[in-house]
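Each remark here refers to the structure printed beneath this line.
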Amino acid sequence: MRRSRTNEGRRALAGSAGIAVLLVLCSCQGPGAGDRDVTVPSGRPANVPSAGVTGCSGARPYADTSPWNTPIPPNPTIDPQTPTYQNTLTTTGLTLTSDVDQYTIGLYCVTPDTTPTTVTFSGYYSDYTSGTRVRHGYAPTITNLPIPTTITPPTGTDAQLVIWDQNAGIEYGFWQFAWTNGHATATNGYAIRTDTTSAGRFADGLAGRGAGLPYLAGLVRPTDIATGHIDHALAFAYPFPSHQYTYPASKTDGKGTTGTDLPEGTRLQLDPTLTTTDLTNLGLTPTAVIIAQALQRYGMYVVDNSGSAKVYLQDRTSAAWDTTTTRTILSTIPWNRFRAVGAPGRSALPPGSTAGATSGAP
């Protein structure tokens, strides 16, 4: 999704980047994403159940055959653009982050006794639960959405929120969710199934985040870490995705340089030969090691543009992360240990290939 936040990463690069990087920066002007350091208010709830709210189980959303839930094979197709992508990520000067305190996804699971709430949208609401899209808008008012009045939206102007009815197998996603004079409001929203009928993507490119993918997809939750392993791919965003996209993305909000920047939908895999000892020697915490091992087995998909290079961990407002889970726990992983590989059933092809990357959004 397009946002209007300032991009600190670009400003920091302006004085020292070479001509090639400057061209990337120039192509990214206009609406974009930029994470800002903000003061987190005190007294924010930390996974405190209330009426109609329950702790989420460790159930994995979407079908086992979803691109999110399919492991990378031992000998995947390697994208020949990998060296270019490694150089692009390295020359940004950005490190891999995982901020749980701002600009990430809030997640609340609801129970059958959750009191329905009416939400007023200023944009669109799309319902995909029947298998075909039913789009409401412009500026609809939707009733009977299971949103407890006690929840707190995440910090940041995106305010991306997921309400998950695990019993019904439905994910409700909201962009710029807020309580306005006691009433629920949002810019855009959607409903999509999370059961075995769902691939975890919007094939028509008309909902979800920048790449046309749901907010729950690729989100690391405390329940993942508690099991000692993450059984799904991760969602990844960075400042300069190209204006092309590739499966499983169905659209893009990227404005980067074709042939240099990564298309949204690109799957990156951390070097699978790195051992647990190697990861620990990088200075990774136990939580970070578990995340890194998921990046080896499942990888991460480029899902959005952002003011930082980051994977998405559940917002601390709705998750009981410990104090060691900070923004920088993954920052010592070098970009040259990642490679671009094909999504399940697809070859990894360079941008501009008609079978791989698609120009523009539908």
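Using full-length UniProt numbering, the first residue of the sequence shown is number 1, and each one after it goes up by one. Just so you know, even glycine gets a beta-carbon here, dropped at the ideal spot from N, CA and C.
For residue i, which residues from the same chain have a beta carbon less than 6 Å from its beta carbon, with the 5 sequence-adjacent residues on both sides left out?
i    : result
Q86  : W335, N336
N188 : G123, Y124, W175
I151 : Y108
F54  : Strictly speaking, residue 54 in this sequence is Thr, with Phe absent from that position. Same-chain partners within the cutoff: C109, T111.
R327 : T97, D99
Can you tell me whether residue i is helix, strand or coil according to DSSP?
i    : result
A340 : strand
Q176 : coil
R193 : strand
R135 : strand
V220 : strand
W68  : coil
S318 : helix
P239 : coil
D278 : helix
V289 : helix
A184 : strand
T82  : helix
T90  : helix
I225 : helix
DSSP beta-bridge partners for residue i?
i    : result
R267 : Y301, V341
Q160 : I105
S126 : R135, Y190
G256 : S242
T54  : C109
K251 : BP columns for K251 are empty, so no partner.
V311 : F236
D99  : According to DSSP, which records beta bridges pairwise, D99 is partnered with nothing at all.
Buried or exposed, going by whether 16 or more other CB atoms sit within 10 Å of the CB of residue i?
i    : result
V48  : Because V48 sits at a pLDDT of 35, beneath the cut-off of 50, its placement in the model cannot be relied upon, and the point is left open.
V303 : buried
Y138 : exposed
P116 : exposed
G93  : exposed
P286 : exposed
Note the first and the last residue of the continuous alpha helix (DSSP H) segment covering residue i.
i    : result
Y245 : No alpha helix (DSSP H) contains Y245, which is instead part of the beta strand (DSSP E) from 244 to 246.
Going by beta carbon distance, what residues of the same chain come within less than 7 Å of residue i, once the five residues before and after it are set aside?
i    : result
P248 : P67, R201, L213, G265, Y301, A343
W321 : V100, P222
T143 : P116, T118
T65  : none
What residues in its chain sit with their C-beta under 8 Å from that of residue i, if we drop five residues either side in the sequence?
i    : result
G299 : I72, A233, L234, R267, L268, Q269, L270, V341
Which two residues bound the contiguous beta strand (DSSP E) that contains residue i?
i    : result
L145 : 141 to 145
T120 : 117 to 121
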